[in-house]
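K.L.:
The structure under discussion is supplied below as structure tokens; questions concerning it will follow.
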Amino acid sequence: MARAGTAKAVHEAPGPADGGESTVTVIVAALANLGIALAKAVAGVISGSSAMLSEAAHSVADTVTEVLLLASLKRSARPADEDHPLGHGPERYIWALLAAVATFVGGAVFSLYDGIHTLVEGEELGDPLVSYVVLAVAFLLEGYSLRTGLRQARGEARRFKVPFGRYLRRTPDTAVKAVVLEDTAALAGLVLAAGGLLGGQLTGSGVWDGAASLCIGALLLYVAWVLGRSNAEFLIGRPLPRGVRDRIRAELLAVEHIEAVMELTTLVQGPREALVAAKIDFRDVATAAQIEWACEQAEQRLRETVPAVRRVYLDPTPGFAQRRSEGLNPWP
């Protein structure tokens, strides 16, 4: 079988720039959360509400999260270099994982502690009027931030032609996923805090406020777990979806001189960045030049079919029949 030398056929091409829209989404969320955190803290001190203080911790954690997400977008956008030949795309998942930890430590742990402390020790309720005003304003700001994130996520879902819920579960753009989940949790937390204030105002008991704080903590715990698991999966290495892998295999088989795809490996490296590596059985009568042009055509077809594919590595490999005839293991 003719070979293109002893080296693998490698193709690399620049992909579309990513992160611009995600950066705007994260900045909007960060500015909203910073102002909301200060207002909630002041309202919590004035009203003596543990739920408001928990919401302040929630917003502080969200602000830290957005700063870490901005760092992830900036650092992961750096181009490949000699020390990082595959680029810096996966670095976004390291910072996003730290953001999930910040949500857990800064929001969930404080809220759970404050809720338990209130239930055990009780609290003196102050004037809740300021808290109601802050909650109303915070609801509007969080709603605007969520709207920005949802608009981007829905646009991406339409572009990839997948249902919105599935896109949000599987998207490699964890920055947008974090904004959508955290802002959704923030709106739910505001409703819980308002319920705790109202319950305490009607009954004169701080139990309602403490229970609301516990619910906010549990909500943040869930969000931190979902985001942490998602980023950990990408750090470990997640392949492209099965349907996309099937399309890649079909495109490879459609190239002249390619008889079989012995092994196919794909790896998501960023929201719009993926690697494809495959062991290819070329026609035994193909010349070295034909194999080289087949590799070139395969790279072009893959990039047209899946624009996220940035790197293609093709390894000429003997087919099953040839390996058996030569007494080799039929499975490469």
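Here full-length UniProt numbering is used: the first residue of the sequence shown is 1, the next is one more, and so on. Each residue gets a CB set at the ideal place from its N, CA and C atoms; glycine is no exception. Everything numeric in this text was worked out from a predicted model, so none of it was measured.
1. Rounding to the nearest angstrom, what Cα-Cα distance links Val-226 and Leu-198 in this structure?
2. Just to confirm my understanding: we take Trp-95, look at its own chain, exclude 5 residues before and 5 after, and list those with CB closer than 6 Å. What are they?
3. Does the Cβ-Cβ distance between Val-255 and Ala-286 come in under 8 Å?
4. So, with DSSP's three-state summary, where would you put Ala-185?
5. With distance defined between alpha-carbon atoms, name the residue in Gly-200, Gly-243 and Leu-190 nearest to Leu-220.
6. Determine the DSSP secondary structure at Thr-203, reduced to helix, strand or coil.
7. If we count Cβ pairs, one from each stretch, closer than 8 Å, do we get three or more for the stretch 31-43 versus the stretch 52-60?
8. Does the Cβ-Cβ distance between Asp-127 and Ser-49 come in under 8 Å?
9. Between the beta-carbon of Leu-146 and the beta-carbon of Thr-184, is there less than 8 Å?
10. What's the call for Lys-177, buried or exposed, on a 16-neighbour Cβ count within 10 Å?
11. For Gly-204, which of Gly-165, Gly-122 and Thr-305 has the nearest alpha-carbon?
12. Just how far apart, CA to CA, sit Leu-253 and Gly-155?
13. Alpha carbon to alpha carbon, how far is Ala-308 from Ala-4? Give it in angstroms, no decimals.
14. Do Glu-251 and Ala-186 have their C-beta atoms within less than 8 Å of each other?
15. Looking at the structure shown, is Pro-318 part of a helix, part of a strand, or coil, going by DSSP?
16. Leu-38: which of Ser-22, Val-207 and Ala-61 sits nearest, CA to CA?
17. Could you tell me how far apart the beta carbons of Ile-258 and Ile-280 are, in whole angstroms, since I believe they sit closer than 8 Å?
18. Please determine, among Ile-216, Gln-269, Arg-75 and Pro-241, the residue with the shortest C-alpha to C-alpha distance to Asn-231.
19. Checking the sheet assignment: what are the DSSP bridge partners for Gly-270?
20. Quick one: give me the first and last residue of the alpha helix (DSSP H) that Leu-302 is part of.
21. Inspect the beta-carbon positions of Ser-111 and Gly-217 and report whether they are closer than 8 Å.
22. Smallest Cα separation from Glu-292: which of Gly-149, Val-28, Asp-83 and Tyr-313?
23. Just the C-alpha distance for Val-120 and Trp-208, rounded to the nearest angstrom, thanks.
24. With distances taken Cα to Cα, identify the nearest neighbour of Met-262 among Glu-273, Val-137, Pro-271 and Ala-277.
25. Could you check which residue in Ser-213, Pro-85, Arg-245 and Leu-240 has the C-alpha nearest to that of Ile-116?
26. Please say whether Thr-65 and Ala-102 have beta carbons closer to each other than 8 Å?
27. For the alpha helix (DSSP H) that Val-134 lies in, which residues bound it at each end?
28. Going by DSSP, what residues sit across from Glu-263 in a beta bridge?
29. Could you compute how far the alpha carbon of Leu-150 sits from the alpha carbon of Pro-316?
P.N.:
Taking the coordinates as given:
1. 30 Å
2. Leu-68, Ala-71 and Ser-72
3. no
4. helix
5. Leu-190
6. helix
7. yes
8. no
9. yes
10. buried
11. Gly-122
12. 32 Å
13. The predicted position of Ala-4 is uncertain, since its pLDDT is 40 and thus under 50; no value can be drawn from it.
14. no
15. coil
16. Ala-61
17. Taking C-beta atoms under 8 Å as the contact rule, Ile-258 and Ile-280 qualify, at a distance of about 6 Å.
18. It is Gln-269 whose Cα lies nearest to the Cα of Asn-231.
19. Glu-273
20. 288-305
21. The Cβ-Cβ distance between Ser-111 and Gly-217 falls below 8 Å.
22. Residue nearest to Glu-292 within the set Gly-149, Val-28, Asp-83 and Tyr-313 is Tyr-313 (criterion: CA-CA distance).
23. Near 12 Å, if we compare the C-alpha coordinates of Trp-208 and Val-120.
24. Ala-277
25. Ser-213
26. Their beta carbons are under 8 Å apart, which means Ala-102 touches Thr-65 by this criterion.
27. 129-160
28. In the DSSP output, where bridge partners are listed per residue, Glu-263 has Lys-279.
29. 44 Å
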